[in-house]
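From first to last, the protein sequence lines are chains Y and V.
Per numbering that gives the first Met the number 0: the first sequence = residues 0 to 293.
Per numbering that gives the first Met the number 0: the second sequence = residues 0 to 300.
Cβ atoms here follow ideal geometry from the backbone N, Cα and C, with glycine treated the same way.
Since this is a predicted model, take the numbers as computed values, not measurements.
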Amino acid sequence: MSFSQVSGEQKTGVDIGRIGLYAFLVIAALYFVLPLAIMVSTSLKPMEEITSGSIFKLPSAPTFYAWQKAWSSACTGQNCTGIRVGFWNSVRILLPSLFTSVLLGAIVGFALAQWRVRGAGLLMGMLLLGAFIPMQVILYPLVKIFAFIGLYNTLPGIWVVHTIYGLPIMALIFRNFFAGLPEELIKAARIDGAGFFRIFFQIMLPMSRNVLIVALVLQGTGIWSDYLLGLIIGGAENQPMTVQLNNIVNSQFGEVEYNVNMAATLLTALPPLILYFASGRYFVSGITAGAVKG
Amino acid sequence: MTIPARVGSILRFEWLGATPTVRLILAPVMIAVFIAYYATILWTLAISFTSSSLLPQYDFVGVAQYTRLFGFLRWKVAFTNMFVFGIAFIFLTLIIGTILAIAIDSRVHAESAFRTVMLYPLSLSFIVVGLVWQWILDPGLGLQAAVRDLGFDSFTFDWIARRDRVVYTLVIAAIWHSSGLIMAIMLAGLRGIDREIWRAAKVEGIPTRRIYISIVLPMLRPMILTCVTLLAVAVVKNYELVVAMTRGGPGNSSDMPSRFVVENLFERSNIGLGSAAAVVMLVSILAALAPYLYLELRKRA
Numbered sequence: 000m001s002f003s004q005v006s007g008e009q010k011t012g013v014d015i016g017r018i019g020l021y022a023f024l025v026i027a028a029l030y031f032v033l034p035l036a037i038m039v040s041t042s043l044k045p046m047e048e049i050t051s052g053s054i055f056k057l058p059s060a061p062t063f064y065a066w067q068k069a070w071s072s073a074c075t076g077q078n079c080t081g082i083r084v085g086f087w088n089s090v091r092i093l094l095p096s097l098f099t100s101v102l103l104g105a106i107v108g109f110a111l112a113q114w115r116v117r118g119a120g121l122l123m124g125m126l127l128l129g130a131f132i133p134m135q136v137i138l139y140p141l142v143k144i145f146a147f148i149g150l151y152n153t154l155p156g157i158w159v160v161h162t163i164y165g166l167p168i169m170a171l172i173f174r175n176f177f178a179g180l181p182e183e184l185i186k187a188a189r190i191d192g193a194g195f196f197r198i199f200f201q202i203m204l205p206m207s208r209n210v211l212i213v214a215l216v217l218q219g220t221g222i223w224s225d226y227l228l229g230l231i232i233g234g235a236e237n238q239p240m241t242v243q244l245n246n247i248v249n250s251q252f253g254e255v256e257y258n259v260n261m262a263a264t265l266l267t268a269l270p271p272l273i274l275y276f277a278s279g280r281y282f283v284s285g286i287t288a289g290a291v292k293g
Numbered sequence: 000m001t002i003p004a005r006v007g008s009i010l011r012f013e014w015l016g017a018t019p020t021v022r023l024i025l026a027p028v029m030i031a032v033f034i035a036y037y038a039t040i041l042w043t044l045a046i047s048f049t050s051s052s053l054l055p056q057y058d059f060v061g062v063a064q065y066t067r068l069f070g071f072l073r074w075k076v077a078f079t080n081m082f083v084f085g086i087a088f089i090f091l092t093l094i095i096g097t098i099l100a101i102a103i104d105s106r107v108h109a110e111s112a113f114r115t116v117m118l119y120p121l122s123l124s125f126i127v128v129g130l131v132w133q134w135i136l137d138p139g140l141g142l143q144a145a146v147r148d149l150g151f152d153s154f155t156f157d158w159i160a161r162r163d164r165v166v167y168t169l170v171i172a173a174i175w176h177s178s179g180l181i182m183a184i185m186l187a188g189l190r191g192i193d194r195e196i197w198r199a200a201k202v203e204g205i206p207t208r209r210i211y212i213s214i215v216l217p218m219l220r221p222m223i224l225t226c227v228t229l230l231a232v233a234v235v236k237n238y239e240l241v242v243a244m245t246r247g248g249p250g251n252s253s254d255m256p257s258r259f260v261v262e263n264l265f266e267r268s269n270i271g272l273g274s275a276a277a278v279v280m281l282v283s284i285l286a287a288l289a290p291y292l293y294l295e296l297r298k299r300a
């Protein structure tokens, strides 16, 4: 709702206020775009050009040398296997935990939406509060518990962690969606003798395409961005891309290859960016659904 | 439908709702959530009252770890940083996000392009955000070098290398990441305002700026509270950004409680001390949530 919309006036000619508005928006847009644009441009330069020239200059002869090196031979300490190791670790972490956390979130959300007695409110409150708790208060005992049951430093361990700690927001999104559906739908199915899981898989899930996409995008970017859980729980063999990236950049010896570091950073940023640009409004409704209700 | 029939159907629905299947699903979830979130917190709390260092040791020493904690200069710096960073970040992000929302709401062309550009940093990991800004603000490589290259030889912007300013560079990066979120929430609020209110205010001849400040923004108070709460929680949780951007440096001048905890728990084998610091983080989160929870509960009562 805007003022010009309300007053219905569309001034003819040049309006100073409008020019100021667009100038402001363009400057704001530059603030958001420039850092990433500079990264892309710098990653395409050879090192001599970076040390001799300004970051605002475009590469004179763009080269993918830095991207190739970042992908296949960038070093973490003595280990020069490239960031692809972390990429594949992240994929191995992401796919199963994304599947289980969205599915569990949907089932729990559906159960919570149906169960309208006092206990459900309590469970919901406990879950919601969980979304705000900093992992630092949980981590040490969690490591102890995981070591005891044999999940510490394992891939399944990190799947379980992402599933449990993603549950609050996933269950909330699905509960709100299912609670908004007409009750008659479920009642009719019940009268026909359908059980919980039949109703869930045959009636509810097919209706939930949009909310499923929202949940997948939100949880997908969340898991990909994780650093702390991967660092502490996953173990050295399963370090996600974020952890490896930080190791490559922040524990370097000798001359720093900024172009390689930037390419490695962009490679890490790429999957969530693609997801974001491919899913636009779903991403936005995901973060605001989580935000406004949370 | 008569009222008794309706009550009957609701009752039956509730009874049906809590079918054994639903209970069977929710019971293990409840147990898992209780263990994963609440038992672990109690455990951390318990360790914070012991003298544990390398391994947990269950001897009660009262608040000794907390006294020790607040005696550490490093912790004092980290704890103060949380407030300095938090106040600057919340205040500026809220203002910038709101102004962006108002600008976008002024019926601009290419609205969705502007929105897309403002929101993309939210999809990035804080590790990526931290590294990007580490380079942009690097005096020898980034902005300062570039402006000097243009001929302004004395231009200086080296905050990231200065102990007394480095916290504000974290603020710059965090604003870049989060102001899109505030824009999105406030924009949703602005679009939810009744057109009649605008029309009435316009008829009265009130200037647009005053309508926003005196009428519209006060109406969005619940949204503003949500924004402040979310940002405050993000301040306490802020970890990856510091790890990637400054590693707590120079020295320990940009350390944060979150980083202090992880280091003491997993690198320095100060489990008791780290747990005490973690509990302080939890208390900070609860303090940040308190106004929101208070209003929510009062609304229900």
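Collapsed DSSP secondary structure at residue i in the structure displayed
{"i": "residue 14 (chain V)", "result": "Residue placement at residue 14 (chain V) is flagged as unreliable, the pLDDT there being 40, under the threshold of 50; a coordinate-derived value is accordingly withheld."}
{"i": "residue 78 (chain Y)", "result": "strand"}
{"i": "residue 49 (chain V)", "result": "strand"}
{"i": "residue 88 (chain Y)", "result": "helix"}
{"i": "residue 108 (chain V)", "result": "coil"}
{"i": "residue 255 (chain Y)", "result": "coil"}
{"i": "residue 228 (chain V)", "result": "helix"}
{"i": "residue 226 (chain Y)", "result": "coil"}
{"i": "residue 158 (chain Y)", "result": "helix"}
{"i": "residue 277 (chain Y)", "result": "helix"}
{"i": "residue 287 (chain V)", "result": "helix"}
{"i": "residue 153 (chain V)", "result": "coil"}
{"i": "residue 201 (chain V)", "result": "helix"}
{"i": "residue 62 (chain Y)", "result": "coil"}
{"i": "residue 152 (chain Y)", "result": "coil"}
{"i": "residue 237 (chain V)", "result": "coil"}
{"i": "residue 269 (chain V)", "result": "coil"}
Own chain partners of residue i with C-beta closer than 7 Å, once the 5 adjacent residues on each side are dropped
{"i": "residue 202 (chain Y)", "result": "184 and 188"}
{"i": "residue 289 (chain V)", "result": "none"}
{"i": "residue 284 (chain V)", "result": "232 and 235"}
{"i": "residue 216 (chain Y)", "result": "274, 278, 281, 282 and 285"}
{"i": "residue 280 (chain V)", "result": "235, 256, 257 and 260"}
{"i": "residue 251 (chain V)", "result": "73 and 76"}
{"i": "residue 223 (chain Y)", "result": "89, 93, 270 and 271"}
Sheet register partners of residue i (DSSP bridge)
{"i": "residue 237 (chain Y)", "result": "Bridge partners of residue 237 (chain Y): none, in fact."}
{"i": "residue 59 (chain V)", "result": "V:49"}
Closest by C-alpha distance to residue i, when choosing among the options
{"i": "residue 56 (chain V)", "options": "V:293, V:274 and V:278", "result": "V:274"}
{"i": "residue 238 (chain V)", "options": "Y:239, Y:199 and Y:225", "result": "Y:225"}
{"i": "residue 155 (chain Y)", "options": "Y:241, Y:100 and Y:92", "result": "Y:92"}
{"i": "residue 130 (chain Y)", "options": "Y:26, Y:271, Y:107 and Y:165", "result": "Y:165"}
{"i": "residue 53 (chain Y)", "options": "V:204, V:241, V:151 and V:120", "result": "V:151"}
{"i": "residue 195 (chain Y)", "options": "Y:90, Y:78 and Y:108", "result": "Y:108"}
{"i": "residue 256 (chain Y)", "options": "Y:47, Y:22 and Y:16", "result": "Y:47"}
{"i": "residue 27 (chain V)", "options": "Y:110, Y:262 and Y:181", "result": "Y:110"}
{"i": "residue 98 (chain V)", "options": "V:264, V:29, V:183 and V:201", "result": "V:183"}
{"i": "residue 119 (chain V)", "options": "Y:214, Y:143 and Y:31", "result": "Y:31"}
{"i": "residue 32 (chain V)", "options": "Y:16, Y:121, Y:102 and Y:36", "result": "Y:121"}
{"i": "residue 68 (chain V)", "options": "V:293, V:263, V:298 and V:297", "result": "V:263"}
{"i": "residue 262 (chain Y)", "options": "Y:191, Y:148 and Y:40", "result": "Y:40"}
{"i": "residue 105 (chain Y)", "options": "Y:228, Y:214, Y:152 and Y:67", "result": "Y:214"}
Neighbouring residues, chain Y, relative to residue i (Cβ below 7 Å)
{"i": "residue 236 (chain V)", "result": "133"}
{"i": "residue 83 (chain V)", "result": "Residues of chain Y passing the Cβ test: none, with the nearest at roughly 19 Å."}
{"i": "residue 120 (chain V)", "result": "31"}
{"i": "residue 163 (chain V)", "result": "In chain order: nothing, as chain Y lies at least about 23 Å away."}
{"i": "residue 39 (chain V)", "result": "137, 140 and 141"}
Other residues of its chain near residue i: CB distance less than 6 Å, five sequence neighbours each side excluded
{"i": "residue 0 (chain Y)", "result": "Per-residue confidence for residue 0 (chain Y) stands at a pLDDT of 43, beneath the threshold of 50, marking its modelled position as unreliable; the derived number appears in the next sentence. Correct list: empty, nothing qualifies."}
{"i": "residue 11 (chain Y)", "result": "The predicted position of residue 11 (chain Y) is uncertain, since its pLDDT is 49 and thus under 50; no value can be drawn from it."}
8 Å Cβ cut-off: residues of chain Y touching residue i
{"i": "residue 145 (chain V)", "result": "53, 54 and 55"}
{"i": "residue 21 (chain V)", "result": "110, 113, 114 and 195"}
{"i": "residue 278 (chain V)", "result": "136"}
Interface partners of residue i on chain V, CB under 7 Å
{"i": "residue 38 (chain Y)", "result": "131"}
Within chain V, the residues that residue i reaches when beta carbons sit closer than 9 Å
{"i": "residue 224 (chain Y)", "result": "122, 123, 124, 125, 126, 127 and 239"}
{"i": "residue 94 (chain Y)", "result": "Neighbours of residue 94 (chain Y) on chain V: none; closest Cβ ~18 Å, over 9 Å."}
{"i": "residue 150 (chain Y)", "result": "Within 9 Å Cβ-Cβ: nothing; residue 150 (chain Y) doesn't reach chain V, min ~12 Å."}
Within chain V, partners of residue i - CB distance below 8 Å
{"i": "residue 267 (chain Y)", "result": "124, 126 and 127"}
{"i": "residue 34 (chain Y)", "result": "131, 132, 135 and 175"}
{"i": "residue 206 (chain Y)", "result": "Per Cβ cutoff of 8 Å: no residues; residue 206 (chain Y) is ~18 Å from chain V at best."}
Same chain, Cβ closer than 8 Å to residue i, neighbours up to 5 away in sequence not counted
{"i": "residue 228 (chain V)", "result": "287, 288, 290 and 291"}
{"i": "residue 61 (chain Y)", "result": "43 and 44"}
Chain Y residues whose Cβ lies nearer than 9 Å to that of residue i
{"i": "residue 87 (chain V)", "result": "Ordered by position in chain Y, no residue passes the 9 Å Cβ test against residue 87 (chain V), which lies about 17 Å from the chain."}
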